[in-house]
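First the structure, in the form of structure tokens, and then the observations on it.
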Amino acid sequence: MKKILLTLALVAAAQFTFAQEKTDDAKQPASELMTQLRLASDLARYGYETYSASALIEAARILNGVPTYELTPESFIKGEGTADGKAQKTEFSVEQLLKDARAYADGNATLLALADQVKIDNGTSRGRVGGAAVHEDCVYANCTDNYTIRFIAGEEAEVAVVGDGDTDLDLYIYDSNGNLIEKDDDYTDTCYCSWTPKWTGAFTIKIKNRGGVCNYYTLYTN
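Reading the sequence shown from the start, the letters are residues -19 to -1, 1 to 203 in mature numbering (1 follows the signal peptide of the UniProt record, and there is no 0).
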């Protein structure tokens, strides 16, 4: 029970922290959609670092309630490099989170019951209007991954990146003329940018790895 209460406290703290991070530097707060995805990612990371079944279950529950689909960029240019033998990050999916949570539960009946309460969406909400596009990849050491994605004029555009915790990642947004529109270049590997395009067109999303090893990340955009 103490672990479950700790997880709930972490959920509340993560929600406050995310909002605080973005208001401190005068940026717009993230939408509910992006906040939920970020929260699920943070809980999953904590769960794997501490072998916490309750954190993974809560991450699965949150992720299960967010409609998502696979991102299909207009183009993708990967930075040249290698993964240097680093083990790939565990798949960020409801199914995998629940599978690992059950393993960490070590037979605890309460935790297993909580895992069973999460009804997997099986894709019925995937691709629904208003959902988030998601893509998992790795950016090699001291390299930059480049995505070209089209956004619609007058509608808020959001891009978020959550890395594996091993290096600093920076996020840069450029318009079709090469102008820097927005950036998040703090000293973490969790990034968020939002802006409202003045015209419909392609924007370049750059994810730069400032560290000496590859970083497995998840990219979210609306």
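Heads up, the beta-carbon is just placed ideally off N, CA and C, and yes, glycines get one too.
Q: Return yes when the Cβ of D149 is within less than 9 angstroms of the Cβ of T169, no when it is not.
A: Numbered from 1 along the sequence shown, position 188 holds the residue referred to as residue 169. Numbered from 1 along the sequence shown, position 168 holds the residue referred to as residue 149. In contact: T169 and D149 (Cβ atoms closer than 9 angstroms).
Q: Grab the span of the beta strand (DSSP E) containing D65 for me, first residue to last.
A: By one-based count along the sequence shown, residue 65 stands at place 84. Per DSSP, D65 lies in no beta strand (DSSP E) and is assigned neither H nor E.
**Q.** Per-residue DSSP class, three states only, for V194
**A.** Taking the first residue of the sequence shown as position 1, residue 194 is located at position 213. V194 sits in coil when the DSSP states are folded into three classes, being neither helix nor strand.
(Q) As a quick exercise: from D151, N190, K179, pick the residue whose alpha carbon is nearest that of A134. (A) Residue 134 sits at position 153 when you count from the first residue of the sequence shown. Answer by Cα proximity: K179.
Q) How should A68 be labelled, buried or exposed, when 16 other C-beta atoms within 10 angstroms of its C-beta is the threshold for buried? A) Here residue 68 is taken as the residue at index 87 of the sequence shown, counted from 1. Classification for A68: exposed.
Q: Decide if N190 is buried, meaning its Cβ has at least 16 other Cβ atoms within 10 Å, or exposed.
A: As a working note, residue 190 is residue 209 in the sequence shown. Within a 10 Å sphere around the beta-carbon of N190 sit 16 or more other beta-carbons, which makes this residue buried.
Q: Determine the DSSP secondary structure at I43, reduced to helix, strand or coil.
A: Indexing the sequence shown from 1 puts residue 43 at position 62. Reduced to three states, the DSSP call for I43 is helix.
Q: Return helix, strand or coil for L52, following the three-state DSSP convention.
A: For the purposes of this step, residue 52 is taken as residue 71 along the sequence shown, with counting starting at 1. Coil at L52, not helix or strand.
**Q.** Which listed residue (D167, Q17, A64) has its alpha carbon closest to that of N196
**A.** Your numbering for residue 196 matches position 215 in the sequence shown. Looking at the Cα atoms, A64 is the closest of the given residues.
Q: Less than 8 angstroms between the CB atoms is what I'm expecting for A82 and A41, so what's the real figure, rounded?
A: As a working mapping, residue 82 is identified with position 101 in the sequence shown. As a working mapping, residue 41 is identified with position 60 in the sequence shown. Between A82 and A41, the beta carbon gap of about 7 angstroms places them in contact (Cβ cut-off 8 angstroms).
Q. In this structure, what does DSSP give as the bridge partners for R131?
A. By 1-based counting over the sequence shown, the position of residue 131 is 150. For R131, the beta-bridge partners assigned by DSSP are A183.
Q. Helix, strand or coil for E13 per DSSP?
A. Counting from one through the sequence shown, the residue named residue 13 turns up at place 32. Correct three-state label for E13: helix.
Q) Which whole-angstrom value is the C-beta distance of N45 and V75, which I expect to be below 8 angstroms? A) For the purposes of this step, residue 45 is taken as the residue at position 64 of the sequence shown. For the purposes of this step, residue 75 is taken as the residue at position 94 of the sequence shown. In this structure N45 is in contact with V75, their Cβ atoms being roughly 5 angstroms apart against a cut-off of 8 angstroms.
Q. Under the three-state reduction of DSSP, which class applies to K80: helix, strand or coil?
A. To locate residue 80, count along the sequence shown from 1; it is residue 99. Helix.
Q | Separation of E117 from V99, as counted between CA atoms | A | For the purposes of this step, residue 99 is identified with residue 118 of the sequence shown, where counting begins at 1. For the purposes of this step, residue 117 is identified with residue 136 of the sequence shown, where counting begins at 1. CA-CA distance, V99 to E117, rounds to 23 angstroms.
Q.
Can you tell me which residues form a DSSP beta bridge with I188?
A. As a working note, residue 188 is residue 207 in the sequence shown. The beta-bridge partner set that DSSP reports for I188 consists of D126, L152.
**Q.** CA nearest to the CA of N160, picked from A141, G192, I186
**A.** In the sequence shown, counting from the first residue as 1, residue 160 sits at position 179. Looking at the Cα atoms, I186 is the closest of the given residues.
Q) So, helix, strand or coil for E72, using DSSP? A) The count along the sequence shown starts at 1 and reaches residue 72 at position 91. E72: coil per DSSP, three-state reduction.
**Q.** Contact check, L52 vs A114, beta carbons under 9 angstroms
**A.** Here residue 52 refers to the residue found at position 71 when the sequence shown is read from its first residue. Here residue 114 refers to the residue found at position 133 when the sequence shown is read from its first residue. Yes.
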